[in-house]
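Residue numbers (my numbering), protein chains in the order written: chain A, 90 to 248; chain B, 8 to 110; chain C, 2 to 99; chain D, 216 to 494.
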């Protein structure tokens, strides 16, 4: 019986990836793209610090706000799956981004909201080690942010 | 083949709550396999949710979103029976799409 | 705790302080294999297996010193695991929730 | 009755050596075992012990509840249901191999088969069903075996473990063997199952909260974040062995089956919660 996974031919997929790796196409530097999704802000996702990532993503910096709720666990049960929820009472929120400064790349997720979409998203992230989690909310063309520390005892990056 | 996307979208009186789970390895490119070789990055870059021709949410993801990613959000409006089209595309150009009905 | 102490001791002893001959290495590996064979199923220690494999690999590569040292380590660990199993034959009863 | 008693005494003598006291009845063992955990975790409702570490650690429970909003085992569950409902090449299906057509029966496994004189787990029964119908057995530990047991567990959720020890000295011996395995120290680290999951349950070991042994199998199969995939009871047992630095036994080895028999009997009354998620 075959497992109905997302990749019907897993062996071929792995073989292709291995080949890409051998050709040096799938290395560290993020050149692994066979095709980048349209509109995916690759440069911002390749930055090691939140500042650099935010500069590339928004072209501006943020100010602290208490109108953002960042719900994260104090101690992650496993760094591989850290539930994160961001919501805000700020008006007209257009984007919500989540950054983890201690991860190899700081920017983790960025959501673009349509008018009428609630300023509230939940997702699950990988964290390599104990780090702050930063939530950035864009409202009325300005950036606001808040952060909270999550302790990680079992790293989510193969540790 | 079973879809890689599972969606629960519930229309309430004023808004619709959406939860989605996508089957994807989300390999970060920083993890080594059992032979000590780096597993190349393979992760979803973009997910879109379209309701009534309008993109209600676009998610841009890096390699640090968890394996088999999950997302939860809500948008104004939506009625039972409406269609919600969910599409993802990853860094290798693979893609999948699912049309779900609001419940 | 004693188990741990002895294993640490065994690691300490494993550094080859002598130049082993082929005959000595072969004898050491044979002794380790014999000791390992006495291990109770489900309680063959992982480091025993690792050391034994390393000893056999070194033997094949004619590295007598390494073979002898790894075999001595494997033998010590195997004997300790056998001793642990024997001790637990009755000792487990002290742990039972009553 | 007298003969049985005699047999049991003889058996006990074989198992434990002449000098040792005769073992308590399995029922007395179970009562003491459950009392130990109720006493250790007075805040935990009995039915909650099927939720492992989440039953005894509030901050972890919150993360778990968030994950359970859309659990990652959903894909496996779907796959298992489809496979369960798909006919074999000979036109039969899994349902033909089990009582109640395989629905809502997880809590009765493992059982002691008085015909063959051995403990039969659900996973083993699934493979025997396949082989009897001309299909190749599934690999244990993960993949399709985990998916099918996930589905079968899901149809049994809320049903309390109901393991029986039939009036057969071999069944009693299997139980005693499982008990001995549970309490015996092994591996280079010199731990027993009990050292972690009884005496230290609820405490942190590295990053993990150690689950209480009571009800520990109720959630299987599980999606473990650490594995990034599904795993069966065999996967958990073999992983535990390796973590204690003991070479694992083969999946479904009779010693593991006896251990599962012991643990499940000790958990009688705890409702099935599987499939589950764990860190």
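C-beta atoms are modelled at their ideal positions from N, C-alpha and C, and glycine is treated no differently.
- A direct Cα-to-Cα measurement between residue 170 of chain A and residue 425 of chain D gives close to 18 Å.
- Spanning the alpha carbons of residue 43 of chain C and residue 84 of chain C requires a straight line of approximately 14 Å.
- Within the same chain, Cβ atoms closer than 7 Å to the Cβ of residue 86 of chain B are found at 18 and 109, the five residues on either side in sequence being excluded.
- When DSSP assignments are scanned along the stretch 178 to 239 of chain A, the uninterrupted stretches of beta strand (DSSP E) that are 3 or more residues long and fall wholly within it turn out to be 182 to 188, 196 to 202, 209 to 214 and 220 to 228.
- Within the stretch 319 to 389 of chain D, complete beta strand (DSSP E) segments of at least 3 residues are found at 326 to 328 and 333 to 335, given in chain order.
- Taking a 10 Å sphere around the C-beta of residue 11 of chain B, we find 16 or more other C-beta atoms and assign the residue as buried.
- Taking the C-beta atoms as reference points, residue 38 of chain C is found no nearer than 8 Å to residue 78 of chain C.
- Taking all protein chains in view, the Cβ of residue 162 of chain A is crowded by 16 or more other Cβ atoms within 10 Å, so the residue is classified as buried.
- The shortest CA-to-CA distance from residue 223 of chain A to any of A:204, A:175, A:146 and A:212 is the one to A:175.
- With a beta-carbon spacing of about 6 Å, residue 181 of chain A and residue 228 of chain A fall inside the 8 Å limit used to define contacts.
- Between residue 98 of chain C and residue 251 of chain D, the C-beta gap is smaller than 8 Å, which places the two residues in contact.
- For the stretch 58 to 78 of chain B, the set of residues with a beta-carbon nearer than 7 Å to any beta-carbon of chain D comprises 74, 75 and 77, in chain order.
- Among the bridge pairs identified by DSSP, residue 103 of chain B is matched with B:95.
- One finds nothing in chain A with a Cβ atom closer than 9 Å to the Cβ of residue 316 of chain D; even the nearest lies about 20 Å away.
- At least 8 Å separates the CB of residue 308 of chain D from every CB of chain A.
- Under a criterion of Cβ atoms nearer than 9 Å, the residues of chain B adjacent to residue 205 of chain A are, in order, 22, 61, 63, 82, 83 and 84.
- For the C-beta of residue 440 of chain D, the chain A residues within less than 7 Å are, from N- to C-terminus, 167, 169 and 170.
- Under the 10 Å beta carbon count, residue 260 of chain D is surrounded by fewer than 16 other beta carbons and is classified as exposed.
- For residue 156 of chain A, no beta strand (DSSP E) encloses it, and the DSSP letter there is neither H nor E.
- Under the Cβ distance rule, residue 85 of chain C counts among the residues neighbouring chain D, one pair being separated by less than 8 Å.
- For residue 96 of chain B, the closest C-alpha among the options B:35, B:40, B:50 and B:45 is that of B:50.
- For residue 23 of chain B, the beta-bridge partners assigned by DSSP are B:18 and B:82.
- In the structure shown, the three-state DSSP call for residue 66 of chain C is helix.
- Nearest C-alpha to residue 454 of chain D among D:356, D:409 and D:368: D:356.
- The DSSP-derived three-state label of residue 469 of chain D is helix.
- Judged by their CB atoms, residue 158 of chain A and residue 177 of chain A are nearer to each other than the 8 Å cut-off.
- Beta-bridge partners assigned by DSSP to residue 58 of chain B: B:61 and B:91.
- Residue burial is scored here from C-beta neighbours: residue 72 of chain B has at least 16 other C-beta atoms within 10 angstroms and is therefore classed as buried.
- The beta-carbon separation of residue 461 of chain D and residue 45 of chain C, rounded to 7 Å, stays under the 8 Å limit for a contact.
- Under the Cβ criterion (8 Å, minimum of three pairs), the stretch 365 to 378 of chain D counts as touching the stretch 289 to 304 of chain D.
- The alpha-carbon separation between residue 240 of chain A and residue 305 of chain D amounts to approximately 54 Å.
- Along the stretch 38 to 54 of chain C, going in chain order, the ones with a CB nearer than 7 Å to a CB of chain D are 42, 43, 44, 45, 46, 47, 48 and 50.
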